[in-house]
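According to this note's numbering, the sequence shown is numbered sequentially starting from 1489. By construction, the Cβ of each residue, glycine as well, lies at the ideal position given by its N, Cα and C atoms. Please read these numbers as outputs of a predicted model, since none were measured by experiment. To keep things clear, I will list the structure first and then write my remarks on it.
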Amino acid sequence: MINHFKAEFYKLFRSKIMIAILGVCVALVMVSFALGDMTFFGAGDGTESVIGFQAKCYLSSEMPTFQTVARSSLAYTAFFWIVCLVFATIFFTKEYNTGTIKLSVAYGTKRTILYYTKAITILAVSLITYLIFVAAFFVIEIIQSGYIPSASEALTLFGWALACGIVLLAFESISIFLCVIIQNIGVVTGICCLYVFSGASVYLMLWSNMDAASIPLKIFVYGNPMYYWMNFCSCRTMGIIEHLPFYFMGGILLLIVGGIAMSKKEIK
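Structure, rendered in structure tokens:
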């Protein structure tokens, strides 16, 4: 099993995918310096976003608070899921589309082992990259704002980032499952983008009065990653974190179902 993981990481770092991911991350860092204040998928009272991704919107530039610095650090992850989605779909389907996976199967490697090693590699790399990305922006925000966080505040930010990362893992698990079922990168990417953007739109309409929303709408919102990202990246966890285990387990369950389907699927 370890050798299979080594092989997956070797293929990953020998490909151009990691270079592309790093390039996008650097580009986002440059955008942060160029744009300054920005808000994505935000809703609030008109002066400060309550939910959403809000960067560098300090109520006082002379006395920044930890919450505003943390929100800025997390805000630039607003579209990071697209990078991870493209990475997951391309890296997962590449060998299946080219047919090179047949060689491993011909040598007696079980399809489930190939499936899970590739899936776990994708999830591990995505989570680590996400946490590094947030940490890099946290350092940038500290330098630019002059705010010096305490150790407990840094750990609090890590907790928020980790919660967002767990949502990302569930989302990628769903995309990997769709890759097994549909086997078309364009269709899978389109479905996932529609899934996320529609979730953001619906939640923005309902967020101030969620208690009055119908049960189907609540299920759709609670089953959408944007519900968690828009709250966690706004430093809001009360009443939200309780739903996270269900969403995460749902994504992992689909990942397992994908493994079962892959074991019975003919490799063309």
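Measuring C-alpha to C-alpha distances from alanine 1651 to each of Ile1616, Ile1664 and Thr1577 identifies Ile1616 as the nearest. Looking at Val1512, Met1726, Leu1732 and Cys1667, the one whose alpha-carbon comes closest to that of glycine 1746 is Cys1667.
Comparing alpha carbon positions, the residue from Lys1606, Cys1721 and Ala1658 closest to phenylalanine 1736 is Ala1658. CA-to-CA, the gap between leucine 1743 and leucine 1692 works out to about 29 Å. Between the stretch 1696-1703 and the stretch 1714-1723 there are fewer than three C-beta pairs closer than 8 Å, too few to call the two in contact. With a 10 Å radius around the Cβ and a threshold of 16 neighbouring Cβ atoms, alanine 1649 comes out buried.
Ranked by Cα distance from phenylalanine 1501, the first of Phe1554, Val1676 and Phe1575 is Phe1575. Using a C-beta cut-off of 8 Å, the stretch 1596-1606 makes no contact with the stretch 1614-1634, since fewer than three inter-stretch Cβ pairs fall below that distance. A direct Cα-to-Cα measurement between isoleucine 1631 and proline 1552 gives close to 12 Å.
In the structure shown, isoleucine 1539 falls within a strand segment according to DSSP collapsed to helix, strand and coil. DSSP, read as helix, strand or coil, puts glycine 1678 in helix. Under the criterion of beta carbons closer than 8 Å, valine 1690 and phenylalanine 1708 qualify as touching, at roughly 6 Å.
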